[in-house]
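Student: In the UniProt record's numbering, the protein residues as written are 1 to 177.
We put the beta carbon where it would ideally sit given N, CA and C, even for glycine.
Handing you a structure now.
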Amino acid sequence: MDLLRIGEKVISKKRVLRSVDKIFELRAMGISQTETAKKVGVDRTLVSRLESLGEVRKGAPIAVLGFPIKNRDEVEAVLNKEGVEFYLILTEEQRRGFLHQNGLELFNYVMDIIAQLKEYDQVVVIGSNYRIELMSAVIGRDVVGLEIGKSPIEEDKLVSLEEVRRVIKILKGGGDS
Numbered sequence: 001m002d003l004l005r006i007g008e009k010v011i012s013k014k015r016v017l018r019s020v021d022k023i024f025e026l027r028a029m030g031i032s033q034t035e036t037a038k039k040v041g042v043d044r045t046l047v048s049r050l051e052s053l054g055e056v057r058k059g060a061p062i063a064v065l066g067f068p069i070k071n072r073d074e075v076e077a078v079l080n081k082e083g084v085e086f087y088l089i090l091t092e093e094q095r096r097g098f099l100h101q102n103g104l105e106l107f108n109y110v111m112d113i114i115a116q117l118k119e120y121d122q123v124v125v126i127g128s129n130y131r132i133e134l135m136s137a138v139i140g141r142d143v144v145g146l147e148i149g150k151s152p153i154e155e156d157k158l159v160s161l162e163e164v165r166r167v168i169k170i171l172k173g174g175g176d177s
């Protein structure tokens, strides 16, 4: 439902969301917080607080985990070019290959990857909706998700190189937002 009653006020969620979208659109264009606030009709402090609420630390070290990726080599080339510090990109065949390790080896390898990912300020997960949520829970904080399908995904998926590049540039603080 679009309308909410809060005390004696009736609030339109769509109206609020349109205003928030407009604020972010203006700020992404480089318009100052003060000017944005004037154009939208809110206090400058609200603009600042909205930015703080949604802020993902820019320029922070980035790790990327992705599977099952059809264009693995191309994705890795983009990550290398953009200076991503750690990545693990797997095809479905490679992912299934891990299952053939003995239990202790597999457990240790997975724990090592989780420990490495926790060291990074930003973690991007390219995978199914379920894997993105699972990694967020395992790491203990939000991850940036690039969903390539609904779980279960049992075949390699083609990933948009432009989307990967765009997300990395935004996280590093140099791209469009």
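Within this structure, are the beta carbons of arginine 165 and valine 84 separated by less than 7 Å?
Tutor: What you label residue 165 is simply residue 165 of the sequence shown in a count that begins at 1. What you label residue 84 is simply residue 84 of the sequence shown in a count that begins at 1. Their beta carbons are not under 7 Å apart, which means arginine 165 does not touch valine 84 by this criterion.
Student: On a Cα-Cα basis, can you pick out the residue from Leu53, Val64, Ile23 and Thr45 that is closest to valine 144?
Tutor: Translated into positions along the sequence shown, residue 144 becomes position 144. It is Val64.
Student: Counting pairs of beta carbons, one from the stretch 43-56 and one from the stretch 18-28, are three or more of them closer than 8 Å?
Tutor: yes
Student: Note down the Cα distance separating lysine 58 from lysine 22, rounded to an integer number of angstroms.
Tutor: The residue you call residue 58 lines up with position 58 of the sequence shown. The residue you call residue 22 lines up with position 22 of the sequence shown. Low per-residue confidence applies at lysine 58: pLDDT is 49, beneath 50, and the placement is therefore not dependable, though the value from the model is reported in the following sentence. Each residue's Cα considered, the two are about 21 Å apart.
Student: Beta strand (DSSP E) containing glutamate 147: first to last residue?
Tutor: As a working mapping, residue 147 is identified with position 147 in the sequence shown. From DSSP, the beta strand (DSSP E) with glutamate 147 extends over 144-149.
Student: I need the straight-line Cα distance from glutamate 82 to glutamate 76, nearest angstrom please.
Tutor: Looking up residue 82 in the sequence shown gives position 82. Looking up residue 76 in the sequence shown gives position 76. Going from the Cα of glutamate 82 to the Cα of glutamate 76 covers about 10 Å.
Student: Starting from phenylalanine 107, follow the alpha helix (DSSP H) in both directions and report where the run begins and ends.
Tutor: Your numbering for residue 107 matches position 107 in the sequence shown. Here the alpha helix (DSSP H) through phenylalanine 107 covers 103-118.
Student: Please return the same chain residues whose Cβ sits closer than 6 Å to the Cβ of leucine 4, not counting the five positions on each side in sequence.
Tutor: Numbered from 1 along the sequence shown, position 4 holds the residue referred to as residue 4. Around leucine 4: Ile11.
Student: With distances taken from CA atoms, which of Ile114, Ile113, Gly7 and Val167 is nearest residue 182?
Tutor: What the structure shows of the chain is the stretch from 1 to 177, and residue 182 is not part of that stretch, so it cannot be assessed.
Student: Which class does glycine 127 belong to by DSSP, given the choice of helix, strand or coil?
Tutor: By one-based count along the sequence shown, residue 127 stands at place 127. DSSP places glycine 127 in strand when its eight states are reduced to three.
Student: Considering just the uninterrupted stretch of the beta strand (DSSP E) at serine 12, what are its terminal residues?
Tutor: Within the sequence shown, numbered from 1, the residue matching residue 12 stands at position 12. Counting along the chain, the beta strand (DSSP E) containing serine 12 begins and ends at 9-12.
Student: Using a Cβ distance threshold of 8 Å, determine whether the stretch 97-108 contacts the stretch 132-149, with at least three qualifying pairs required.
Tutor: no
Student: Between the beta-carbon of glutamine 122 and the beta-carbon of leucine 171, is there less than 7 Å?
Tutor: Here residue 122 refers to the residue found at position 122 of the sequence shown. Here residue 171 refers to the residue found at position 171 of the sequence shown. Contact flag set, yes.
Student: With distance defined between alpha-carbon atoms, name the residue in Gly41, Gly7, Asn71 and Gln94 nearest to leucine 161.
Tutor: Here residue 161 refers to the residue found at position 161 of the sequence shown. Taking only the C-alpha atoms, the option nearest leucine 161 is Asn71.
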